[in-house]
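> Just so we're aligned, residue 247 is where the sequence shown starts under the numbering used here, counting upward by one. Backbone N, C-alpha and C fix where the C-beta goes; we use that ideal spot for every residue, glycine too. Since the structure is predicted, the reported quantities are computational estimates derived from the model, not experimental observations. I am attaching a structure below and will ask some questions about it afterwards.
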Amino acid sequence: MVLGAGITGVTTAWYLRQAGFNVSIIERQGEAGQETSFANGGQISTSHPEPWANPAAPFTVLRWLGRAGAPLRLRPRADLAQWQWAFDFLRECLPWRSRRNTAAIAALAAHSLAELHRLRELAGIADAYDARAHGILHLFFAPRAFTRACARTAELAPFGIELRPCTAAQCVDTEPALATLAPRLAGGLYAPADESGDAMRFSRALADVLADDGVRFHYGMEIERLNATDGRITRIEVRHLSGERDVHEADVYVICLGSHARGLLRQIGEDLPVFPLKGYSITAPVTDAARAPQVSLTDESRRIVCSRLGERLRVAGTAELNDYDTGIDPARTTAMLDWVDTCLPGAIDRERATPWAGLRPATPDGLPIIGYMRHANLWCNTGHGPLGWTLACGSASVLAALMCGEEPAIDFPFWRG
Ligand SMILES: Cc1cc2nc3c(=O)[nH]c(=O)nc-3n(C[C@H](O)[C@H](O)[C@H](O)COP(=O)(O)OP(=O)(O)OC[C@H]3O[C@@H](n4cnc5c(N)ncnc54)[C@H](O)[C@@H]3O)c2cc1C
């Protein structure tokens with residue numbers, strides 16, 4: 247029984263089904279991919295494995311703290327666990343830890359891209375999610391930041407990551423929609439292997455394939471409690487939308503609850519270092535196809551990403567360590583629309599943009615939690631933070647291998663209770 251039908255839950259269900267499991271999924275929303283997987287930045291970003299906890303992060307946080315419009319906002323609470331998370335995050339910024347985490351994410355991301363290609367062909371959903379394989383172009387406005395980033399490409403080459411330094415003119419050759427922006431650009435790094443696509447449409451399409459293949463989806467059920475006896479999960483208690491309560495049983499349970507995993511697991515004495523890092527996006531119809539990029543973009547100065555999804559443009563960014571609130575601060579989404587007006591003028595219909603906010607399930611080290619818990623029949627696949635779409639297929643495939651007692655395809659620090 248897979249708990250949660252975000253991108254992580256449906257991919258987990260796919261690999262378990264492929265391995266011969268009888269699978270059911272419990273989800274509180276009415277269909278798959280309706281929470282954090284709903285309107286993310288759309289990037290399949292294998293070229294950016296460096297976790298947010300890196301040696302430069304503490305200085306970046308200090309520089310941005312308290313600045314209006316900064317991409318990062320912290321709202322400290324009287325919550326010991328939140329402080330512990332922040333302390334652990336700082337520890338993971340140590341150079342050797344960050345290097346180790348980068349290597350693990352790079353391996354998982356490369357495996358995940360290969361698995362995404364395999365899965366979408368096998369499932370027949372390659373055309374279902376506005377996929378684009380035009381790479382990601384990282385944009386730099388400050389010459390020093392560009393020089394530093396170019397120097398780092400050598401560190402990523404051993405992981406098989408190709409990042410091509412580009413002058414401003416070469417950025418425009420790669421993506422003609424950047425013509426207006428070119429005079430302000432210091433340069434760019436182009437990652438040709440990266441892709442983009444709509445994670446929600448992918449989740450929905452995969453859920454349809456799974457349902458046809460016998461996976462049972464129980465939508466509209468809020469999981470309220472996990473019951474455990476003698477170190478095993480015996481059943482889960484759910485509440486239907488109607489208010490009616492019910493129990494569900496399975497032999498094995500997999501947690502794919504994103505940011506909400508921690509609260510439920512604490513009831514049974516399991517602790518996961520997963521906290522919500524809120525982010526925003528806007529999705530707007532493209533009004534001039536020539537001005538809306540085909541290549542996915544990352545503005546490294548503002549940590550804003552932008553992906554073309556069919557006839558729509560998605561722009562996403564910002565990080566707030568706050569709580570579980572997904573309310574929309576109009577100042578945040580207006581800043582994204584202003585970014586489009588400045589960088590890609592005339593590309594979208596601003597008046598018809600849809601704002602959204604979601605909670606990245608973030609771990610201090612940036613590594614997803616994939617493996618088994620202390621309860622004998624409980625597994626976990628969550629905590630993918632800012633890279634859940636990128637890492638989903640790979641994470642689900644290695645989890646299924648572990649659950650089948652097989653050697654996973656990559657070396658990774660799996661969670662072991
Ligand atoms: C602004 C933003 C931009 C992003 N951009 C990118 C990007 O460009 N590339 C990338 O790779 N990643 C990106 N991400 C990260 C990515 O979206 C997440 O890592 C990913 O969606 C997490 O998927 P998930 O399945 O773990 O969580 P979710 O999608 O949240 O799925 C968890 C599911 O569990 C269900 N659930 C939770 N609690 C309960 C309960 N009690 N009972 C029943 N059901 C429950 C929820 O309804 C939900 O459907 C971005 C995130 C944000 C916020």
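#1: Which word fits Gly315, buried or exposed, when buried means at least 16 other C-beta atoms lie within 10 angstroms of its C-beta?
#2: Could you pull out every residue in the same chain whose Cβ sits closer than 7 Å to the Cβ of Leu472, ignoring the five residues on either side in sequence?
#3: Going by DSSP in three states, Ala474 sits in which element: helix, strand or coil?
#4: Under three-state DSSP, which class holds Trp329?
#5: With distance defined between alpha-carbon atoms, name the residue in Asn568, Arg606, Gly563 nearest to Val586.
#6: Span of the alpha helix (DSSP H) holding Trp602?
#7: May I ask you to report which of helix, strand or coil DSSP gives Pro295?
#8: Under DSSP, the alpha helix (DSSP H) around His363 begins and ends at which residues?
#9: Rounded to the nearest angstrom, what separates Ala647 and Ala265 at their Cα positions?
#10: Residue range of the beta strand (DSSP E) that Asp492 falls in?
#11: Are the CB atoms of Gly279 and Arg560 nearer to each other than 7 Å?
#12: Considering only C-alpha positions, which residue in the set Arg596, Gln540, Gly466, Thr258 is nearest to Trp635?
#13: Within 6 Å: the Cβ of Ser643 and any heavy atom of ligand 1?
#14: So Gly255 packs on Cys502, CB below 8 Å; how close in whole Å?
#15: Where His630 and Arg491 are concerned, what is the direct C-alpha to C-alpha distance, given to the nearest angstrom?
#16: Using only the alpha-carbon positions, how far apart do Leu409 and Arg398 sit?
#17: Taking all protein chains shown into account, decide if Cys650 is buried (16 or more other Cβ within 10 angstroms of its Cβ) or exposed.
#18: Between His357 and the rest of its own chain, which residues show a CB-CB distance below 8 Å, the 5 nearest in sequence each way excluded?
#19: Please report the straight-line C-alpha distance between Met247 and Cys417, rounded to a whole angstrom.
#20: Is the beta carbon of Pro539 less than 7 Å from the beta carbon of Ala423?
#21: CB Tyr499 to CB Glu273, shorter than 7 Å?
#22: Give the DSSP bridge partners of Val551, in chain order.
#23: Helix, strand or coil: how does DSSP classify Thr257 here?
#24: Out of curiosity, what's the CA-to-CA distance linking Ala507 and Thr628?
#25: Counting Cβ pairs, one atom from each stretch, are 3 or more of them under 8 Å apart for the region 347 to 355 and the region 285 to 303?
#26: What is the rounded straight-line gap between the Cα of Phe335 and the Cα of Ile615?
#27: Can you tell me which of Phe521, Ala400, Pro601 puts its alpha carbon nearest to the alpha carbon of Ile574?
#28: Whose C-alpha, out of Leu637, Pro632, Gly617, is nearest the C-alpha of Glu652?
#29: For the putative contact between Pro610 and Ala299, defined by C-beta atoms under 8 Å, what is the C-beta separation to the nearest angstrom?
#30: Quick one: is the Cβ of Ala251 within less than 6 Å of any heavy atom of ligand 1?
#31: Using the three-state DSSP reduction, which class does Val644 fall into: helix, strand or coil?
#32: Skipping 5 residues on each side, what residues in its chain have a beta carbon closer than 7 Å to that of Thr413?
#33: Answer with buried or exposed for Phe333, where buried requires no fewer than 16 other C-beta atoms within 10 angstroms of its C-beta.
#34: Using 10 angstroms around the beta-carbon of Gly525, count the other beta-carbons present and answer buried if the total reaches 16, otherwise exposed.
#35: Could you tell me the distance, in whole angstroms, from the CA atom of Ser488 to the CA atom of Ile382?
#36: Where do the N-terminal and C-terminal ends of the beta strand (DSSP E) with Ala437 fall, by residue?
In terms of the structure at hand:
#1: exposed
#2: Ile479, Ile482, Leu510, Gln513, Ile514
#3: strand
#4: helix
#5: Gly563
#6: Counting along the chain, Trp602 falls outside any alpha helix (DSSP H), though it belongs to the beta strand (DSSP E) covering 600 to 608.
#7: coil
#8: 341 to 369
#9: 8 Å
#10: 491 to 494
#11: no
#12: Thr258
#13: no
#14: 4 Å
#15: 30 Å
#16: 10 Å
#17: exposed
#18: Gly640, Ser643, Val644, Ala655, Ile656
#19: 47 Å
#20: yes
#21: no
#22: Thr544, Ala562
#23: helix
#24: 8 Å
#25: yes
#26: 15 Å
#27: Pro601
#28: Gly617
#29: 6 Å
#30: yes
#31: helix
#32: Gly433
#33: exposed
#34: buried
#35: 45 Å
#36: 433 to 437
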